[in-house]
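Down below is the structure, laid out as structure tokens.
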Amino acid sequence: MEILKLVNLKKYFGGVRALDGISTTLHEGEVVTIIGPNGAGKTTLINTISGYVFPDSGRIIYMNEDITKSTPIERVNKGIVRSFQLVNTFDKLTVYENILVSLISSRKYQNKMTKTLDSYTDILEEAESILKLFELGDKADNLITSISYGDRKLVDVAISFALNPKLIMLDEPTSGVATKDKDDIMKKILEAIMKTGVTAMIIEHDMDIVFRYGKRVMVMHQGKIIADGGVEEIRKDEEIKKILLGGVYA
Amino acid sequence: MIELGEVVVRIYNIFFGTSVLFLIAVGLNLIYGVMRIVNLTHPAFFTLGCYTVAGLGVGIVISLLGTSLTPLLIIPPLIAALIVVIASLIVFPLFIYMSGKGDEVQLLVTYGLLLIFEDVFRLIWGVEPLRASQAYEMAGSLIVGEYLIPVYNIYVILSALILVLLLWLLLFKTKIGILIRASSMDIEMTAALGADVKKVLLVTVLLAGFLAGLGGGLYLPSASVMLGMSVELLVLAFVVVVIGGLGSFLGSFVGSFIVSVLRTITLMLFPELELALIYIVAILILTFKPEGLGGGRKW
Amino acid sequence: MVERLKKAFGDDLRSNFILLAIIAVIYPAIYAISPGWGIVLGHGITWIIALLGFNLLFGYTGLLSFGHALFLGIGAYTAGFMYKYLGINSIELHILGSILSSAVVALAIGLVVVRYTRIFFAIFMLAIAQVFWSLYYKFYWITGGTDGIKMARFSILGISLEHLDFTTYHHIYFYFTTFLTTILIYLMWRIVNSPFGLTLKAIRDNEVRAKFIGIDIYKMRLYAFIISAIYAGITGALVANHHRLVTPDIAYWTTSGKVVFATLLGGTRIFIGPLIGSFIFHVIESFAMRFIYWQLIMGAFIIAIVILMPGGIAQILRTFVESIRHSGRIGG
Ligand SMILES: Nc1ncnc2c1ncn2[C@@H]1O[C@H](COP(=O)(O)OP(=O)(O)OP(=O)(O)O)[C@@H](O)[C@H]1O
Ligand SMILES: [Mg+2]
Chain A
1 MEILKLVNLK KYFGGVRALD GISTTLHEGE VVTIIGPNGA GKTTLINTIS GYVFPDSGRI
61 IYMNEDITKS TPIERVNKGI VRSFQLVNTF DKLTVYENIL VSLISSRKYQ NKMTKTLDSY
121 TDILEEAESI LKLFELGDKA DNLITSISYG DRKLVDVAIS FALNPKLIML DEPTSGVATK
181 DKDDIMKKIL EAIMKTGVTA MIIEHDMDIV FRYGKRVMVM HQGKIIADGG VEEIRKDEEI
241 KKILLGGVYA
Chain B
1 MIELGEVVVR IYNIFFGTSV LFLIAVGLNL IYGVMRIVNL THPAFFTLGC YTVAGLGVGI
61 VISLLGTSLT PLLIIPPLIA ALIVVIASLI VFPLFIYMSG KGDEVQLLVT YGLLLIFEDV
121 FRLIWGVEPL RASQAYEMAG SLIVGEYLIP VYNIYVILSA LILVLLLWLL LFKTKIGILI
181 RASSMDIEMT AALGADVKKV LLVTVLLAGF LAGLGGGLYL PSASVMLGMS VELLVLAFVV
241 VVIGGLGSFL GSFVGSFIVS VLRTITLMLF PELELALIYI VAILILTFKP EGLGGGRKW
Chain C
1 MVERLKKAFG DDLRSNFILL AIIAVIYPAI YAISPGWGIV LGHGITWIIA LLGFNLLFGY
61 TGLLSFGHAL FLGIGAYTAG FMYKYLGINS IELHILGSIL SSAVVALAIG LVVVRYTRIF
121 FAIFMLAIAQ VFWSLYYKFY WITGGTDGIK MARFSILGIS LEHLDFTTYH HIYFYFTTFL
181 TTILIYLMWR IVNSPFGLTL KAIRDNEVRA KFIGIDIYKM RLYAFIISAI YAGITGALVA
241 NHHRLVTPDI AYWTTSGKVV FATLLGGTRI FIGPLIGSFI FHVIESFAMR FIYWQLIMGA
301 FIIAIVILMP GGIAQILRTF VESIRHSGRI GG
């Protein structure tokens with residue numbers, strides 16, 4: 001089943017064509033990796049789908065419904081969830097509380113103010129299982145700012161998963177993390193995607209990671225999708241390699 | 001039927017209000033522009049200028065030079081500016097401390113300073129309102145129809161115009177002015193290019209203080225100064241910078257003008273609700289044009 | 001699982017109740033030695049409520065209000081008007097009235113101001129409070145202007161207290177307020193440790209992320225704002241009855257300064273902060289009032305606290321207690 005359909009999306013910032021006519025389709029359960037040089041428009045694509053910015057033209061169809069003009073909250077409620085490129089967590093809270101907040105929102109408990117949290121055993125149990133899924137259990141009681149950057153990125157992803165999304169969009173979940181830890185994070189994320197069966201869109205800068213873990217790969221350049229196909233097919237394409245390398249080092 | 005005389009008086013009141021508000025708001029914006037600090041203490045510097053003239057400056061001039069108009073026009077405001085520059089120098093280390101700290105810290109520290117200043121005024125000058133209107137009275141009035149226009153206020157408007165010009169020359173034609181503007185765009189870059197940023201900050205704070213002190217000194221002879229004035233000015237000056245756009249030089253002017261117009265209209269129609277109506281306009285502007293009417297331009 | 005939460009909640013509630021109990025027990029003795037200090041304790045108890053509300057807004061939600069006197073004023077004038085125009089002197093009804101009026105005013109104002117944060121919120125609140133303050137002067141034929149509204153002694157449970165001697169009357173005020181404060185502390189503790197409370201903290205820490213996990217940040221802030229206003233309004237109604245006089249001073253910006261200062265002194269983001277802050281503030285104040293330049297001292301203190309001990313006295317005490325426990329554990 002089609003879950004997301006983008007029709008000729010355009011977003012210009014002054015003269016910069018961040019999105020220059022993006023059309024594509026995602027099917028349920030699909031995992032797409034997006035790659036492209038700096039400034040290709042990858043983040044803007046996620047921004048547009050999540051409602052962080054609104055496109056100049058084009059349409060976003062989600063489960064046969066036009067959500068081009070929906071607010072971010074409406075989209076979250078429909079199951080569209082994103083993470084941000086830079087770590088974006090609740091910095092004075094513990095790892096555990098970071099995940100709880102997300103669960104509270106997912107269950108619509110945020111208006112409940114007469115009973116203390118310990119009486120909501122349903123979310124407490126779910127928080128434990130998410131901690132387990134991402135192997136964060138032993139760090140649960142630490143302040144989020146006191147754990148390693150890689151672990152913070154993981155909590156950031158866990159916050160998104162806690163919302164029980166249908167479509168999850170992760171913006172460079174391994175950026176800023178030491179190369180040796182990237183594999184670990186990627187494995188945990190893919191495992192979580194497998195277990196939940198969520199449709200996912202992952203931006204990734206690191207070509208090694210993409211070629212190792214990607215299935216369907218989408219290449220963006222100057223606001224356009226210049227290639228979209230299986231990982232083997234993309235890997236072989238010399239033209240694309242040139243753009244990716246050129247873009248990175250330009 | 002509104003007659004010509006009244007129109008002239010009102011328009012001229014608007015110019016007077018604009019001049020006074022501008023002298024406060026421009027310093028607020030300078031400090032915000034360069035240090036990213038909304039200095040809640042700033043209006044207290046204007047008040048300090050007023051008190052200095054009423055409680056010190058005029059007395060000095062009269063005892064040394066007698067009651068003659070020209071020195072009374074010029075010297076007391078300069079004394080006020082000097083005193084405020086000294087006061088700014090005293091609090092400068094706190095500004096260094098605050099720059100780069102979270103806005104919670106900045107708000108609380110400058111708020112604490114505001115409380116301190118208001119009490120220092122009480123300590124030195126007592127609770128009664130002070131006046132020193134010699135210059136205002138000696139300057140006399142012009143008659144327009146049935147209305148009187150005080151010449152002193154015209155002097156204030158002209159002084160403000162000259163100050164705008166001088167300030168523009170300073171900011172756009174001198175080296176330190178270029179550094180100030182550069183810092184307000186990107187202070188790290190300015191530092192990286194080898195500028196002495198601390199000096200730039202010092203000049204900014206002192207310049208803002210100088211303008212506020214001079215403004216207060218110029219303003220006082222036409223009115224009186226009392227406790228609580230800093231807070232009243234703070235809420236007004238804040239509207240000015242919201243309307244004009246935080247940190248914008250042009251915005252200080254646009255904002256001052258709009259607020260003066262609004263004040264004149266509301267004082268005429270609904271004097272009880274003056275501040276409320278001005279704030280409603282500010283909130284509308286903030287909602288529909290968050291970067292202010294200065295066009296979001298820095299300068 | 002629940003263990004994790006226990007740790008997060010800390011021993012806050014118990015420490016609050018223990019301190020309140022100690023104060024309730026020693027109060028008669030203190031009053032007997034010096035009625036003046038007894039009254040200072042009365043102020044301390046009364047203001048805890050407003051500070052709890054302020055802390056919910058500032059410490060937990062991240063909105064710093066320089067105009068909290070607005071709601072103290074609403075509460076106090078509600079009590080004053082109920083007495084002056086309706087002849088009601090029941091303190092329970094005054095409190096109910098002030099809850100209603102501050103909630104309504106907070107709803108109207110909050111719909112606009114919670115859309116702003118930081119300096120904008122701080123100054124909007126200051127400005128709105130100043131507007132109300134000036135209205136109390138300008139409509140003097142309703143409010144009594146500077147002379148204010150003089151009130152008779154309150155009645156409680158329908159019983160008039162006019163015939164009592166002042167000491168007994170004040171004792172009744174003190175214990176009634178202590179009772180009310182205890183309940184309100186308990187309610188606030190439930191609020192800050194509820195799903196709603198955690199959501200507020202999340203909004204405080206990261207507004208954008210909160211929005212993108214599906215939280216309606218304005219609505220949550222509005223609720224917090226209204227609760228905070230109600231708490232301040234209740235203190236306003238109590239202050240009116242304690243002083244038996246309502247003047248515009250309660251709505252002046254320096255009253256807001258007092259709320260900011262006392263809460264910072266006690267410790268923001270710490271549940272027991274307001275309780276500690278209120279008592280210590282009033283003790284310092286009653287010493288400092290002998291010099292008139294109290295505001296100067298307060299300003300200097302605010303700066304010193306922000307720079308030197310951002311967690312306030314509660315944080316210092318907590319560190320102290322934890323270090324004792326820790327060394328005890330190692331020793332045993
Ligand atoms: N809010 C904005 N205002 C102005 N320009 C923007 C804005 N957001 C993005 N851009 C511009 O749009 C282009 C695409 O940016 P985008 O962040 O989508 O790239 P990206 O592919 O995510 O790059 P990176 O790999 O560096 O994260 C860039 O040139 C960027 O400068
Ligand atoms: Mg990006």
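Residue numbers (our numbering), protein chains in the order written: chain A, 1 to 250; chain B, 1 to 299; chain C, 1 to 332.
Note that beta-carbon positions come from the ideal geometry of N, C-alpha and C, so glycine has one too.
The model shown is predicted, which means the values in this text are computed figures rather than measured ones.
Apart from the five residues on each side of it in sequence, which residues of its chain come closer than 7 Å, Cβ to Cβ, to residue i?
i             : result
residue 39(B) : 28, 31 and 110
residue 54(B) : 130, 131, 132, 220 and 225
residue 43(B) : 24, 230, 233, 234 and 237
How is residue i classed by DSSP in three states: helix, strand or coil?
i              : result
residue 96(A)  : helix
residue 59(A)  : strand
residue 226(B) : coil
residue 113(B) : helix
residue 171(A) : strand
residue 257(A) : Because chain A here runs from 1 to 250, residue 257(A) falls outside it and cannot be looked at.
residue 149(A) : helix
residue 215(B) : helix
residue 220(A) : strand
residue 201(A) : strand
residue 118(C) : helix
residue 127(A) : helix
residue 311(C) : coil
residue 139(B) : helix
residue 130(B) : strand
residue 332(C) : The predicted position of residue 332(C) is uncertain, since its pLDDT is 38 and thus under 50; no value can be drawn from it.
residue 226(A) : strand
Leaving aside the five residues before and after residue i along the sequence, list all residues of the same chain whose C-beta is less than 6 Å from its C-beta, in chain order.
i              : result
residue 248(A) : Interpretation of residue 248(A) is limited by its pLDDT of 49, a score under 50 that renders its predicted location unreliable; the figure taken from the coordinates is listed afterwards. For residue 248(A), where only same-chain residues beyond five positions count, the Cβ hits under 6 Å are 37.
residue 250(A) : Only weak support is given to the placement of residue 250(A): the predicted model assigns it a pLDDT of 39, under 50, and the value that follows is read from those uncertain coordinates. The answer is none, since no qualifying residue turns up.
residue 221(A) : 36, 40 and 243
Tell me which same chain residues have a C-beta within less than 8 Å of the C-beta of residue i, skipping the five on either side of it?
i              : result
residue 255(B) : 21, 25, 239, 240, 241, 242, 243, 244, 245, 292, 293 and 294
residue 157(C) : 92
residue 266(B) : 273, 274, 277 and 278
residue 57(A)  : 8, 9 and 10
Cβ closer than 8 Å: which chain C residues qualify as neighbours of residue i?
i              : result
residue 231(B) : 126, 130 and 253
residue 235(B) : 123, 126, 127 and 130
Under 7 Å between beta-carbons, which chain A residues line up against residue i? List them in chain order, please.
i              : result
residue 212(C) : 50, 72, 76 and 82
How would you list, in chain order, the residues of chain C whose beta-carbon sits under 7 Å from the beta-carbon of residue i?
i              : result
residue 117(A) : 5, 193, 194, 195 and 198
residue 270(B) : None at all; the shortest Cβ gap to chain C is about 11 Å.
Using a threshold of 8 Å, state whether the C-beta atoms of residue i and residue j are closer than that.
i              : j              : result
residue 260(B) : residue 156(B) : no
residue 202(B) : residue 85(B)  : no
residue 272(C) : residue 15(C)  : yes
residue 68(C)  : residue 239(C) : no
residue 87(A)  : residue 156(A) : yes
residue 22(A)  : residue 45(A)  : yes
residue 75(C)  : residue 235(C) : yes
residue 103(C) : residue 183(C) : no
residue 204(B) : residue 98(B)  : no
residue 213(B) : residue 83(B)  : yes
residue 56(B)  : residue 64(C)  : no
residue 228(C) : residue 114(A) : no
residue 46(C)  : residue 254(C) : no
residue 266(C) : residue 280(C) : yes
What residues from chain B crowd round residue i, counting only those whose CB sits closer than 8 Å?
i              : result
residue 112(C) : 283
Kindly list, in the order they appear in chain C, the residues whose Cβ is closer than 9 Å to that of residue i.
i              : result
residue 25(B)  : Residues of chain C passing the Cβ test: none, with the nearest at roughly 13 Å.
residue 118(B) : 254, 295, 296 and 299
At a CB-CB cut-off below 8 Å, which residues of chain A make contact with residue i?
i              : result
residue 335(C) : With chain C covering only 1 through 332, there is no way to say anything about residue 335(C).
Could you name the residues of chain B that residue i contacts, counting a contact when the two beta carbons are closer than 9 Å?
i             : result
residue 71(C) : Here the premise fails: no neighbours, minimum Cβ distance about 17 Å.
Beta carbon shell of ligand 2 at less than 7 Å from a heavy atom: 42(A), 43(A), 85(A), 171(A), 172(A) and 203(A)
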